[in-house]
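First the structure, in the form of structure tokens, and then the observations on it.
Residue numbers (this note's numbering): 90 to 151.
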């Protein structure tokens, strides 16, 4: 049994599609990864920092 069978089917489909796209048009995949790195990831990191500060504040009040 391979490890990717634990993933939901739609996640595996998405990954397969991504790999196919990478084979056909690598620059498109690289561009989308660059967008992820520049825009999406900083937002996620910022939200994570905000959330951990919020958690710390609620624990301090108890």
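Note that CB positions come from ideal geometry on N, CA and C, so glycine has one too. Computed from a prediction, not measured in an experiment: that's the story for all the values here.
Residue 131 and residue 141 have their alpha carbons spaced roughly 15 angstroms apart. With contacts defined as CB atoms closer than 9 angstroms, residue 125 and residue 117 fail to qualify as a contacting pair. The C-alpha of residue 112 is placed about 21 angstroms away from the C-alpha of residue 98. Straight-line measurement puts the Cα of residue 137 at about 29 angstroms from the Cα of residue 108.
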